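Residue numbers (our numbering), protein chains in the order written: chain A, 3 to 143; chain B, 3 to 143. Even glycine gets a Cβ: it sits at the ideal position worked out from N, Cα and C. All values reported here derive from a predicted model rather than from experimental measurement. The block underneath contains the structure these notes are about, expressed in structure tokens.
2 protein chains.
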Amino acid sequence: MPSPAPPLAGVLETALYVDDMSLARRFYEDALGLVPMFADARLTAYPVGPRSALLLFLRGATAEVVHLPGGAIPGHAGEGPLHCALAIAAADLADWEARLIATGIPIEARMVWPRGSTSVYFRDPDGHLLELATPGLWPVW
Amino acid sequence: MPSPAPPLAGVLETALYVDDMSLARRFYEDALGLVPMFADARLTAYPVGPRSALLLFLRGATAEVVHLPGGAIPGHAGEGPLHCALAIAAADLADWEARLIATGIPIEARMVWPRGSTSVYFRDPDGHLLELATPGLWPVW
């Protein structure tokens, strides 16, 4: 093994796969308040906080290599209800729960973690398991 | 629709699903240099940079609800080669490429993006499409 790995600054992109981009966009934009930084028929990309991006790919549109002037993007594809967690401030938890309820999104479960974090779980229109997590879940949050 | 959504601080957790946890751990720890902050038979959790976590779940072990003293974690499950991108400094790109080659990981493709970022694509043992991306890919990186 060579010398220690160079550093990784963070997870930059997290990808979910959706069957109906319009339906998914209504959810992520109207309910969660995200604003796209890129959108076409295949991909909607949202900035989340200062340093991460949530990517919604149209299911079935990503398995083939995409050739672009600058190179190529290899294929990928996801099935099943994936999971990702979004970080929120503890002070915003009550407002987020109220917002989910007001927008008709059932809260499927809650967790209070040993280090003090609270997580709230709910589903997007494709059944992906989303989590809003307050600080105290991991050493990095 | 109620008032504007409270802020999201970032994507905290990105989940991949693996068939062989030992094999996956060797890849993420030996090749990518990640150090677990939690590990059991079902889950290995890695901090990535200051504010994000990469979660490896054993495929088949996540579909059922997990009941814990603090609440419950609903089921999720993923199939197929998913995608996530990891942020690296531009100054570390050459070292990262050399490290991938030295550890026998084929570089499947490269992209130079319009705003100046370079992405390098490769696969983990489960075929998930990983990307190392230098700044200039998105407004958030």
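Contact set for residue i: own chain, Cβ-Cβ below 8 Å, skip 5 residues either direction
i         : result
Val67(A)  : Ala74, Ile75, Pro76 and Gly77
Asp32(B)  : Thr105
Ile90(A)  : Trp98, Leu134, Ala135 and Thr136
Ile103(A) : Ile109
Which listed residue (the options) has its alpha carbon closest to that of residue i
i         : options                                      : result
Asp21(A)  : Pro52(A), Met113(A), Pro6(A) and Thr46(A)    : Thr46(A)
Gly12(B)  : Pro6(A), Pro52(A) and Ala79(A)               : Pro52(A)
Ile109(A) : Leu134(A), Leu88(A), Gly118(A) and Pro116(A) : Leu134(A)
Ala93(A)  : Gly62(A), Val50(A) and Ser119(A)             : Ser119(A)
Ala26(B)  : Leu56(B), Leu95(B), Leu14(B) and Ala111(B)   : Leu56(B)
Glu99(A)  : Ala79(A), Leu132(A) and Gly72(A)             : Leu132(A)
Arg112(A) : Leu95(A), Asp128(A) and Asp126(A)            : Leu95(A)
Pro9(B)   : Ile107(A), Arg101(A) and Pro127(A)           : Arg101(A)
Trp143(A) : Ser54(B), Leu34(B), Asp42(B) and Pro38(B)    : Ser54(B)
Bridge partner(s) assigned by DSSP for residue i
i         : result
Pro49(A)  : Ala55(A)
Ile75(B)  : Val68(B)
Met113(B) : Gly73(A) and Ser121(B)
Thr2(B)   : Because chain B here runs from 3 to 143, residue 2(B) falls outside it and cannot be looked at.
Thr105(A) : Its beta-bridge partners do not exist; DSSP assigns none.
His85(A)  : Leu131(A)
Ala17(B)  : Leu57(B)
Gly12(A)  : Ala89(B)
Ala100(A) : According to DSSP, which records beta bridges pairwise, Ala100(A) is partnered with nothing at all.
Ala41(A)  : Thr46(A)
Cutoff 6 Å; reference residue i; Cβ partners in own chain excluding five residues on either side
i         : result
Phe40(A)  : Ala47
Leu18(B)  : Leu58, Leu84 and His130
Leu139(B) : Trp115 and Ser119
Ala63(B)  : Arg44
Gly82(A)  : none
Supposed contact pair residue j and residue i - C-beta distance, whole angstroms, cut 8 Å
i         : j        : result
Thr136(B) : Cys86(B) : Actually they do not touch by this definition, with Cβ atoms about 16 Å apart.
Leu60(A)  : Arg44(A) : 5 Å
Leu14(A)  : Leu88(B) : 6 Å
Alpha carbon of residue i to alpha carbon of residue j, nearest angstrom
i         : j         : result
Tyr123(B) : Ala65(A)  : 14 Å
Phe29(A)  : Pro6(A)   : 42 Å
Pro49(A)  : Arg117(B) : 16 Å
Gly80(A)  : Arg125(A) : 16 Å
Ser121(A) : Ser24(B)  : 28 Å
Pro141(A) : Pro38(B)  : 11 Å
Pro127(B) : Leu34(B)  : 13 Å
Gly72(B)  : Gly72(A)  : 49 Å
Cβ neighbours of residue i in the same chain (closer than 7 Å, five flanking residues each side left out)
i         : result
Ile107(A) : Ala33 and Phe124
Asp42(A)  : none
Chain D contact for residue i (CB, 7 Å cutoff)
i        : result
Gly82(A) : Annotation note: the requested chain D is absent from the structure, which comprises protein chains A and B.
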